[in-house]
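Order-wise, the sequence lines are chains A and P.
If you're matching positions, the first sequence starts at 25 in the working numbering and goes up one per residue.
If you're matching positions, the second sequence starts at 25 in the working numbering and goes up one per residue.
In this text, a Cβ means the ideal position worked out from N, Cα and C, and glycines have one as well.
Protein chains: 2
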Amino acid sequence: MSNNYCLIMAGGSGTRFWPRSRVAKPKQYLSLFGDQSLIQESVQRFANFIPEESIYVVSAKSQQAVLESQTGNLQKKNLIYEPVGKNTLPAIGLAALFIAEKDPDGILIVSPSDHLIQNDELFRQCIDSAALIADQKEGIVTIGITPKHPATGYGYVQTAEEIQIGQPIKSFSVSRFVEKPNVEVANGYLKQGGFFWNSGIFVFKVSVFLNAVQQYAPELFADLMRIKEHIGKDSYETALDRIYREVNSISIDYGILEKASNVFLVQGDFVWNDLGSWEEVYKYDRNKDENQNATVGEVVLIDTQNSYVYAPNSLVAVVGMDDVIVVQEGDTILVCKRDRAEDIKAVVGEITKRKLDQYL
Amino acid sequence: MSNNYCLIMAGGSGTRFWPRSRVAKPKQYLSLFGDQSLIQESVQRFANFIPEESIYVVSAKSQQAVLESQTGNLQKKNLIYEPVGKNTLPAIGLAALFIAEKDPDGILIVSPSDHLIQNDELFRQCIDSAALIADQKEGIVTIGITPKHPATGYGYVQTAEEIQIGQPIKSFSVSRFVEKPNVEVANGYLKQGGFFWNSGIFVFKVSVFLNAVQQYAPELFADLMRIKEHIGKDSYETALDRIYREVNSISIDYGILEKASNVFLVQGDFVWNDLGSWEEVYKYDRNKDENQNATVGEVVLIDTQNSYVYAPNSLVAVVGMDDVIVVQEGDTILVCKRDRAEDIKAVVGEITKRKLDQYL
């Protein structure tokens, strides 16, 4: 059996959690539930069964300070930085070079850093099963989440026949990946069955992955090989900077998974959510009061229900409100109807338009 | 014709405008509309037609610093301080001693410091008419506001026959003062007619007022005469402190107006509101946008209507809300449904219970 390695992807930026998520502090560095940030929870989830020296993070150079401050248990050499963001495939490719140097036959588990996962034990069983399949089938394995509703915010994976590895966890060969559907199409998927949400968690041998890059993304492969020559040398930073800037942005889904034939899916029945908005943070908060309010900080609620209030550094009083989100961060305050949490992008757009960059 | 003097009553405390009104900064010192505080607006309203050396303020000793900082145009000797609050009659009595020393036959206009009045010209005409009646009738004159709706938050004044002084402003003799009614009673007043809201603005000769105190509140009068002996002497502060603490708290309405016979009412048809809650500040704000939102500070509104946002030192974003009040002050934030603005006292109660005095 091969050794397991974990690669946590932490390069994302975004403003869905404004005013908490800022340009300098994207979502993965936020503590949305309790004391640990999402990336710290992600690292811990893997550290339960993978040695810390085998856990890698790939992130953006601009996030180095915050990443290091939150991953003190990981070795600095395991933190890989992109000079600029190029989507998931180049990021994984870059990190894979380092892991391949150490153990080309290692099994690599690639995971987002900013998702919610509950039930760590079941999660581990799924990963173990995926690692077994990746090893035995020399394939690319994805964790698929059993869909709970016709979500339009996720990509879907359609499966074919079940395979008999890693029971009792169910696994299947994959027939195709599909982009985010509209609600009618999503409803069709749920009726038809055999469709899963694409969790963004992938498992494969490093060598299998690099072979796939060579086959399906040969230009990127050539660039990676040029970068590889500089690893461990003084020239690395400069060479990386020069070569990586020319790389085309492409996702692993589009660049490899949709093209490769030897793809499998492990059925994930643990609680999973990609935390796309404050609404989902409210929903998954497990410390609600008897009026279904979730609060952080000194909060006074008078006749208020089903609401989320985050204000660690202020006193917030809410009177006579239902279904509202209130978030205070520094000198910014968000007050948002829960079902309008998606519209925070309009807020960020307006702040940008007003050139109030200090609030972004 | 006698000289006019103005006495602005500014000793009130309260928390209806929490988090802006604090123990150390009651409502009259807040700028609720534009740059001027309510007391500054009150002083200015009288300074349009009364010389500043004839404008007095009576306040609490504890408010001396904030009062002086907001009334730089007034002479310090015109700022009279109660050592402790004893309601309106002793406060007016104390100030009347100073004005009587200067001009016992002067006409004194007593006004709250924390009400909203619009249409300064009509207001002035009413005051002029009231001064004329006070002078000619040697009576006590109150400004009554024509009721717009069956308000239960105001006292009412019932009038008898019209008097023929100061036209075209209408005036009446007063038959009785009544306490805040319930809604059925208030409806009856409006149907019956001849009832007015008690504005808390009174006009009388200083000598007439002091005679009324002597007749209807002889104990207070005796105390005032004892205080009078110390005016202008080094012993004043100590004597005032000693004597005033023993004075009974009593309002001018209960102590004199309800008992006196020679009382008149001038009909006030200017815009008047006692600003009892944030709801009224919202209603009377004249700078609303096309969605009927009133805002102060850097405010981003997305699909939000009929709302009030005050946040001079923060960026506040409000998304998908109707009829909401958001107020930021220092490290406190209020989010309140507009029709629940009265419940701010419950917030203050809860903060008190939690012993978080720094937020009060």
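Taking the continuous beta strand (DSSP E) assigned at residue i, which residues delimit it?
i, result
"Ile187/P", "180-187"
"Val82/A", "79-84"
"Leu358/P", "356-361"
"Thr166/P", "164-169"
"Leu281/A", "Where Leu281/A is concerned, there is no enclosing beta strand (DSSP E), given that its DSSP letter is neither H nor E."
"Thr319/P", "318-326"
Is it right to say residue i is buried, meaning 16 or more other beta carbons lie within 10 angstroms of its own, or is it exposed?
i, result
"Val134/P", "buried"
"Ser199/A", "exposed"
"Ala184/P", "exposed"
"Pro242/A", "exposed"
"Asn93/A", "Residue identity check: residue 93/A is Ser in the sequence provided, not Asn. Ser93/A should be labelled exposed."
"Ser285/P", "exposed"
"Val390/A", "In the structure displayed, chain A extends from 25 to 384; residue 390/A sits before or after that span and is not available."
"Gly217/P", "exposed"
"Arg378/P", "exposed"
"Pro128/A", "exposed"
"Glu322/P", "buried"
"Ser66/P", "buried"
Kindly indicate the opening and closing residues of the alpha helix (DSSP H) around residue i.
i, result
"Leu31/P", "Note, Leu31/P: premise wrong, no alpha helix (DSSP H); beta strand (DSSP E) at 28-33."
"Phe220/A", "It is not in any alpha helix (DSSP H) - Phe220/A instead sits in the beta strand (DSSP E) that spans 219-229."
"Arg44/A", "Per DSSP, Arg44/A belongs to no alpha helix (DSSP H) and is neither H nor E."
"Asn211/P", "207-216"
"Glu106/A", "Note, Glu106/A: premise wrong, no alpha helix (DSSP H); beta strand (DSSP E) at 103-106."
"Glu261/A", "260-268"
"Val271/A", "Note, Val271/A: premise wrong, no alpha helix (DSSP H); not H, not E."
"Glu243/P", "242-252"
"Gln68/A", "62-71"
"Ala387/P", "Not covered by the structure: residue 387/P. The range shown for chain P is 25 to 384."
"Ser93/P", "88-94"
What does the alpha-carbon distance come out to for the pair residue i and residue j?
i, j, result
"Phe57/A", "Val305/A", "8 angstroms"
"Glu162/P", "Val287/P", "9 angstroms"
"Gly38/A", "Thr95/A", "21 angstroms"
"Gln60/A", "Arg46/A", "18 angstroms"
"Ser197/A", "Leu244/A", "27 angstroms"
"Gly190/A", "Thr166/A", "14 angstroms"
"Phe70/A", "Val295/A", "16 angstroms"
"Gln99/A", "Cys30/A", "13 angstroms"
"Arg364/A", "Ile349/A", "9 angstroms"
"Ala246/A", "Gln238/A", "8 angstroms"
"Val343/A", "Glu366/A", "24 angstroms"
"Val333/A", "Val324/A", "10 angstroms"
"Thr270/A", "His139/A", "At residue 270/A the sequence reads Glu, which differs from the Thr that was named. Spanning the two alpha carbons is a distance of roughly 30 angstroms."
"Ala158/A", "Ile375/A", "46 angstroms"
"Asp355/P", "Gly35/P", "26 angstroms"
"Asp447/A", "Ser259/A", "Outside the shown range of chain A, which is 25 to 384, sits residue 447/A, and nothing can be said about it."
"Leu62/A", "Pro336/A", "18 angstroms"
Along chain A, which residues have their Cβ under 9 angstroms away from the Cβ of residue i?
i, result
"Arg364/P", "Ile326, Asp327, Val343, Gly344, Met345"
"Asp367/P", "Ile326, Asp327, Val343, Gly344"
"Glu314/P", "What Glu314/P touches in chain A: nothing, since even the nearest Cβ is about 16 angstroms away."
For residue i, return the contacting residues in chain A, with the cut-off set at a CB-CB distance below 8 angstroms.
i, result
"Cys360/P", "Ala341, Val342, Val343, Gly344, Met345"
"Ala158/P", "None at all; the shortest Cβ gap to chain A is about 44 angstroms."
"Glu303/P", "Ordered by position in chain A, no residue passes the 8 angstroms Cβ test against Glu303/P, which lies about 12 angstroms from the chain."
Listing by chain order, which chain A residues have their CB less than 7 angstroms from the CB of residue i?
i, result
"Val350/P", "Val359"
"Glu208/P", "Those do not exist, as Glu208/P stays about 26 angstroms from chain A at its closest Cβ, beyond 7 angstroms."
"Glu92/P", "Those do not exist, as Glu92/P stays about 30 angstroms from chain A at its closest Cβ, beyond 7 angstroms."
Please determine, among the options, the residue with the shortest C-alpha to C-alpha distance to residue i.
i, options, result
"Pro205/P", "Tyr268/P, Asp127/P, Tyr178/P, Tyr53/P", "Tyr178/P"
"Lys252/P", "Asn311/P, Leu62/P, Phe220/P, Lys126/P", "Lys126/P"
"Gln160/A", "Ile187/A, Val202/A, Val271/A, Ser275/A", "Ile187/A"
"Lys283/A", "His173/A, Ser275/A, Tyr240/A", "Tyr240/A"
"Met249/P", "Pro114/P, Ile274/P, Lys361/P, Pro43/P", "Pro114/P"
"Asp293/A", "Lys101/A, Phe147/A, Phe73/A, Ile116/A", "Phe147/A"
"Ser26/A", "Ala154/A, Arg362/A, Phe41/A, Ser195/A", "Ala154/A"
Could you list which residues in chain P have their beta carbon closer than 7 angstroms to that of residue i, in chain order?
i, result
"Asn337/A", "Asp355"
"Tyr383/A", "Leu339"
"Leu121/A", "Residues of chain P passing the Cβ test: none, with the nearest at roughly 43 angstroms."
"Ala370/A", "Ile326"
"Glu253/A", "Those within 7 angstroms of Glu253/A in chain P number zero; the least Cβ separation is about 48 angstroms."
Along chain P, which residues have their Cβ under 9 angstroms away from the Cβ of residue i?
i, result
"Ala48/A", "Correct list: empty, because the minimum Cβ distance to chain P is about 16 angstroms."
"Glu145/A", "Simply none; closest approach about 38 angstroms."
Listing by chain order, which chain P residues have their CB less than 8 angstroms from the CB of residue i?
i, result
"Ala246/A", "Those within 8 angstroms of Ala246/A in chain P number zero; the least Cβ separation is about 46 angstroms."
"Leu380/A", "Glu322, Leu339"
"Glu106/A", "What Glu106/A touches in chain P: nothing, since even the nearest Cβ is about 31 angstroms away."
Residues of the stretch 50-62 of chain A whose Cβ lies closer than 8 angstroms to any Cβ of chain D, in chain order: The structure shown contains no chain D; its protein chains are A and P.
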